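Chains as they are written, first to last, in this note's numbering: chain A, 1 to 299; chain B, 300 to 564; chain C, 565 to 838.
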Amino acid sequence: MITMEHVYKSYRVAKRNAGMKEACKALLRRETQTVQALSDISFAIADGEMVGYIGPNGAGKSSTIKILSGILTPDSGSCLIDGRVPWKDRREHVRQIGVVFGQRSQLWWDVPVLDSFELLKDIYSISQYDYQHNLEELTQLLHLQELLKIPVRQLSLGQRMRCELAASLLHSPRVLFLDEPTIGLDAVSKLAVREFIQRLNAAHKTTVILTTHDMQDIEALTKRIILIGKGRVLLDGTLEDMCLLAGKPQSEESRFGTKKHESMAFRQNADKTEAEDDTASENDLDRIVASLYQKLEIL
Amino acid sequence: MNTLYKNISLYFHYISIVLRSVMQYKTSFFLTVAGRFLVSFNGILGVYFIFARFHQVRNYGLGEVFLCYAVIQMDFALAECFAGGFLRFPGMIRRGEFDRILLRPCSAVLQILGSQFEISRIGLIIQAVLMFGYGMAVSPIAWTPGRVAAVVLMLLGGTLLFSAVFMLEAAVSFFTLEGLEAANILTYGAQEHGKYPIDIYGGRMMKICTYMIPYTLIQYYPLQYLLGRTQRWYYGLYPLGVVLFLTVCVGVWRLGMHNYQSAGS
Amino acid sequence: MKANGNSLRKYFSFFRMRFQMGLQYRAAAAGGCVTQFLWGIMECLAFRAFYEADESAFPMAFSSVVAYVWLREAFFALFTTWNTDNELFDSVINGNIAYELCRPLSVYRMWFARTAGNRLANAALRCVPILFAAFLLPEPFRMTLPVNVQSMLLFIITMFLGAGVTVAFCMFVYLLAFFTISPQGLRMVFTAMVQFLSGAIIPLSFMPDSVRRVLELLPFAGMFNVPLRIYSGDLVGAKMLRAIGMQIFWLVLLTACGKLLCRAAERRIVVQGG
Chain A
1 MITMEHVYKS YRVAKRNAGM KEACKALLRR ETQTVQALSD ISFAIADGEM VGYIGPNGAG
61 KSSTIKILSG ILTPDSGSCL IDGRVPWKDR REHVRQIGVV FGQRSQLWWD VPVLDSFELL
121 KDIYSISQYD YQHNLEELTQ LLHLQELLKI PVRQLSLGQR MRCELAASLL HSPRVLFLDE
181 PTIGLDAVSK LAVREFIQRL NAAHKTTVIL TTHDMQDIEA LTKRIILIGK GRVLLDGTLE
241 DMCLLAGKPQ SEESRFGTKK HESMAFRQNA DKTEAEDDTA SENDLDRIVA SLYQKLEIL
Chain B
300 MNTLYKNISL YFHYISIVLR SVMQYKTSFF LTVAGRFLVS FNGILGVYFI FARFHQVRNY
360 GLGEVFLCYA VIQMDFALAE CFAGGFLRFP GMIRRGEFDR ILLRPCSAVL QILGSQFEIS
420 RIGLIIQAVL MFGYGMAVSP IAWTPGRVAA VVLMLLGGTL LFSAVFMLEA AVSFFTLEGL
480 EAANILTYGA QEHGKYPIDI YGGRMMKICT YMIPYTLIQY YPLQYLLGRT QRWYYGLYPL
540 GVVLFLTVCV GVWRLGMHNY QSAGS
Chain C
565 MKANGNSLRK YFSFFRMRFQ MGLQYRAAAA GGCVTQFLWG IMECLAFRAF YEADESAFPM
625 AFSSVVAYVW LREAFFALFT TWNTDNELFD SVINGNIAYE LCRPLSVYRM WFARTAGNRL
685 ANAALRCVPI LFAAFLLPEP FRMTLPVNVQ SMLLFIITMF LGAGVTVAFC MFVYLLAFFT
745 ISPQGLRMVF TAMVQFLSGA IIPLSFMPDS VRRVLELLPF AGMFNVPLRI YSGDLVGAKM
805 LRAIGMQIFW LVLLTACGKL LCRAAERRIV VQGG
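This is the structure:
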């Protein structure tokens, strides 16, 4: 069970302007400003739920993830995960969570993947039995057999992401945070990652919180979406709710709007492995999200 | 006791990964060893040339300066070897790697110490041993158990002191990533200028290096005892005072951790 | 002629960009000033101890040594081979250099302008506070003015020549990145060598005469040894003219060789396909 109530967080950042004159001026005086990253964020996530946490760049997604994972302390508000305050019982808390950052690696770059896993076993004090069991399961599900002996730096991005997922799950976390897990992956790897997350959730009831810009991830994985913008929760509902909130697309885009309904209906009835339809629905969803984000800008 | 054992074995596991990684880049490794060796060899050559001209300074001859220089160099090399992770810490913060450290259920300091093991400083250590041998041969020291113990304490205290300074520098980077260059004077500066006994720099510098950053505790005072220039045997125990300084540094570190978690990056 | 002016302007804009960037690092500059100033004090104190140990063995006037130390600290960023532009190494390793090769520009001139801009900005930021503080120090550590206007002018000219030699040498180190998988390791070996040969460990004048005579023939003596000694009047007359001649000779030779090496490096990239 994850609850966040009335969480606020702000940062101070330095202003920097362009030009020789400004560069000289900044020598003497540098202005700072306060940025409100999160204001009054509240939500609750039940065990075993998969939630998509989306919003435009700079909306406060990563601040939320950092607070939930105990890296960051909020200015005010409360947050409980399985009865623990993340930033207070950090070590106990992080034992129960797994985090994957799509843009960063947690593996040791120059040694074989298996060596990294062995070290993680020691870091999380995983018992030999559990380690062996989890490793076998993850190796099978993620098809890692051939990758384990290879140094991380020689892996392709898709291969590495599969290893990252395994590394975050060796200690059987109850909650998994995925920060853009499919960024930069090719179609095959994306599908593999999504399929794996689904299976994981089904088999272990792992709670998954997913931030992404790829609307297909959301479509494939999560029933529930939390949409944030400028540090506020704007929507907590389903994909359909989000489409409703986006409203009727603007007139020049109405052509795509009708197509949207077709493809959504299509999606519910038939499987959607055909590449063309996939691309179409991706475009549509992206348009919906884009028009939603544009609306947010005005708000 | 059990957790201590666990932490030690975890540390060794980290180090074994670091060493295996280093061995992936053998050319780079050997060039770094050679580079470091040359840098400090130049320093020794410099002292040698200076003494060819002046023969002594404040009654310290070449042999005595070499003893002092060797100990400082060894201290610094050992600190770089074991606590080098702190030197790379500002970069870790900048790249956001410290977040990953916080996501793991073990001590942040252990992970930082384990992230680096500068085996390439081995050249420096060998060089320091040779220099110490030369210094011992030219300066007449009457070796007693007490003096041997003083040398050991100088090495232990010195390594600890430099490590503490590295930690302090890393702790500052929790608050600001700018202007960290100034800390170089406390690390590389102390290594460079610590080759001469601190009293040659005058009384004011002696005070600064005792009460602000306690370099004299691991250099000047035990050196006096070692060279038989004082009747005060307890000068040999002064390196133990470094523990006090370390405590302060750990305090600043804790404060920095706290600040990082509340200010974000 | 006009085309030439245009192309030089391109490189000047690289220079200006790096210069502006350098100015932004205000806190780094402040940190650098503090380090450099304290370092200078330690050097002066050590020299005083040796001066007191044996005045007759001192190769120059004490005030000359003090001026030498302060100028070296003030213009450290201009002359040090420690601080290399790591972006340049990285661009070779990660292949970004391919973009630069696509531009209608000479890589050598571009990197030269960039490096010079960086160094001048860093030095410009740091020299004023350091020199200001050094002029306020009590005797005998106070910085002195140059002996006359002529030596001041010659100091400025030779300083630019020396900076040119330094940048030209750094270019060699950057270009080596094309030919080795471990540029940083090589950089360290080179830096260590230059440190000693240029007189950064101990000033060349303090070295034994036989060693010094050899070192004065090498390009490294022309980096900061020449301008700093001209300032304090330690280097005058025929010796000075010969030293300036050496500076010009090495500047021309190093840039010519650097350009050749750069051409070879570019060819290598093209052949290997980056």
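From the three backbone atoms N, C-alpha and C, an ideal C-beta is built for every residue, glycine too.
The structure presented is a predicted model; accordingly, all values stated were derived computationally and were not measured.
Chain-ordered chain A contacts of residue i [CB-CB under 9 Å]
i, result
"HIS492 of chain B", "Within chain A, no residue comes near HIS492 of chain B; the closest Cβ sits about 30 Å away, beyond 9 Å."
"LYS305 of chain B", "ASP122, SER125"
Distance between residue j and residue i (C-alpha atoms, nearest Å)
i, j, result
"GLN250 of chain A", "ILE288 of chain A", "Because GLN250 of chain A sits at a pLDDT of 43, beneath the cut-off of 50, its placement in the model cannot be relied upon, and the point is left open."
"PHE791 of chain C", "PRO56 of chain A", "In the sequence as presented, Phe is not what sits at residue 791 of chain C; that position holds Pro. Roughly 56 Å separates the two Cα atoms."
"ALA727 of chain C", "PRO513 of chain B", "38 Å"
"ARG174 of chain A", "GLU137 of chain A", "16 Å"
"ALA369 of chain B", "ILE424 of chain B", "9 Å"
"THR644 of chain C", "PHE754 of chain C", "12 Å"
"VAL7 of chain A", "TYR53 of chain A", "16 Å"
"LEU402 of chain B", "GLY231 of chain A", "23 Å"
"LEU245 of chain A", "SER291 of chain A", "10 Å"
"LEU709 of chain C", "GLY801 of chain C", "19 Å"
"LYS566 of chain C", "LEU695 of chain C", "For LYS566 of chain C, the predicted model reports a pLDDT of 44, less than 50, meaning its position is unreliable; a value from the coordinates is still stated below. Those two C-alpha atoms are separated by around 40 Å."
"ALA265 of chain A", "VAL51 of chain A", "Note that ALA265 of chain A has pLDDT 41, beneath the 50 cutoff, so the model's placement of it is unreliable and no number is given."
"VAL711 of chain C", "ARG357 of chain B", "32 Å"
"LEU684 of chain C", "ARG636 of chain C", "14 Å"
Partners in chain B for residue i, counting only beta-carbon separations shorter than 9 Å
i, result
"VAL598 of chain C", "GLY478, GLU480, ALA481, ILE484"
"MET757 of chain C", "LEU337, ASN341"
"VAL85 of chain A", "Going along chain B, no residue has its Cβ under 9 Å from VAL85 of chain A, so there is no contact; the nearest lies around 12 Å."
Amino acids of chain B, ordered along the chain, whose beta-carbon sits closer than 8 Å to that of residue i
i, result
"CYS765 of chain C", "Here residue 765 of chain C is Ile; the residue named in the question, Cys, does not match the sequence. Under the 8 Å cutoff, chain B gives ASN341, GLY342, LEU344, GLY345."
"PRO772 of chain C", "PHE348, ALA351, ARG352"
"GLY604 of chain C", "Under the 8 Å cutoff, chain B gives no residues; its nearest Cβ is about 11 Å from GLY604 of chain C."
Counterpart residues of residue i in DSSP-defined beta bridges
i, result
"PRO151 of chain A", "A:PRO112"
"PHE43 of chain A", "A:MET4"
"CYS405 of chain B", "Looking at the DSSP assignment, CYS405 of chain B forms no beta bridge with any residue, so it has no partner."
"SER10 of chain A", "A:GLN36"
"VAL208 of chain A", "A:MET50, A:LEU176"
"VAL356 of chain B", "B:TYR359"
The alpha helix (DSSP H) enclosing residue i, as first and last residue numbers
i, result
"ASP47 of chain A", "Neither: ASP47 of chain A is in no alpha helix (DSSP H) and is coded neither H nor E."
"LEU157 of chain A", "157-169"
"PHE736 of chain C", "713-740"
"GLY383 of chain B", "361-386"
"GLY345 of chain B", "325-353"
"SER78 of chain A", "Element bounds for SER78 of chain A: not the alpha helix (DSSP H) but the beta strand (DSSP E), 76-81."
"VAL85 of chain A", "Neither: VAL85 of chain A is in no alpha helix (DSSP H) and is coded neither H nor E."
"ILE794 of chain C", "789-795"
"ILE307 of chain B", "301-321"
"GLY763 of chain C", "That residue, GLY763 of chain C, is in no alpha helix (DSSP H); it is neither H nor E in DSSP."
First through last residue of the beta strand (DSSP E) which encompasses residue i
i, result
"ILE329 of chain A", "What is shown of chain A runs 1 to 299, which leaves residue 329 of chain A out entirely."
"ASP179 of chain A", "175-179"
"ILE97 of chain A", "97-101"
"LEU235 of chain A", "232-237"
"LEU227 of chain A", "224-229"
Residue i: contacting residues in chain C (beta-carbon distance under 9 Å)
i, result
"ARG357 of chain B", "ALA613, GLU616, ALA617"
"ILE371 of chain B", "Going along chain C, no residue has its Cβ under 9 Å from ILE371 of chain B, so there is no contact; the nearest lies around 14 Å."
Chain B residues whose Cβ lies nearer than 7 Å to that of residue i
i, result
"LEU750 of chain C", "LEU330"
"ARG95 of chain A", "PRO404"
"ALA621 of chain C", "ARG352, PHE353"
Contacts that residue i makes with chain A (C-beta to C-beta distance below 7 Å)
i, result
"SER561 of chain B", "THR73"
"ILE316 of chain B", "TRP108, VAL111, ASP115, LEU119"
Partners in chain C for residue i, counting only beta-carbon separations shorter than 8 Å
i, result
"TYR495 of chain B", "ALA610, ALA613"
Where residue i meets chain C, residues with beta-carbon distance less than 7 Å
i, result
"ALA333 of chain B", "VAL753"
Listed by chain order, chain A residues near residue i by CB distance under 8 Å
i, result
"SER320 of chain B", "TRP108, TRP109, ASP110, VAL111"
Worksheet entry | Segment contact flag, the segment 551-559 of chain B with the segment 642-661 of chain C, C-beta cutoff 8 Å, min 3 pairs | Taking a contact to require three or more Cβ pairs closer than 8 Å, the segment 551-559 of chain B and the segment 642-661 of chain C do not qualify as touching.
Discussion item. I'd like to know if the segment 758-773 of chain C and the segment 347-356 of chain B are in contact, where contact means that at least 3 CB-CB pairs between them fall below 8 Å.
Written reply: A contact exists between the segment 758-773 of chain C and the segment 347-356 of chain B.
Item to complete: Spell out a yes or no on whether the segment 431-450 of chain B and the segment 349-363 of chain B are touching, meaning 3 or more CB-CB pairs, one atom from each, closer than 8 Å.
Response: Here the segment 431-450 of chain B lies against the segment 349-363 of chain B, with 3 or more beta-carbon pairs under 8 Å apart.
Worksheet item: Counting Cβ pairs, one atom from each stretch, are 3 or more of them under 8 Å apart for the segment 415-435 of chain B and the segment 501-515 of chain B?
Response: Because the criterion of three Cβ pairs below 8 Å is not met, the segment 415-435 of chain B and the segment 501-515 of chain B do not touch.
Worksheet entry | the segment 217-235 of chain A / the segment 30-41 of chain A touching (three or more Cβ pairs under 8 Å) | These segments touch.
Practice prompt. Count the CB pairs spanning the segment 451-461 of chain B and the segment 528-548 of chain B that are closer than 8 Å, and state whether there are at least three.
Written response: Three or more Cβ pairs drawn from the segment 451-461 of chain B and the segment 528-548 of chain B lie within less than 8 Å of each other, which places the two stretches in contact.
Discussion item. Measuring CB atoms only, is the segment 410-421 of chain B touching the segment 124-135 of chain A, in the sense that at least three cross pairs come out at less than 8 Å?
Written reply: Taking 8 Å as the limit for Cβ pairs, the verdict is that the segment 124-135 of chain A does not touch the segment 410-421 of chain B.
Worksheet entry | Segment contact flag, the segment 95-103 of chain A with the segment 167-183 of chain A, C-beta cutoff 8 Å, min 3 pairs | Touching, yes.
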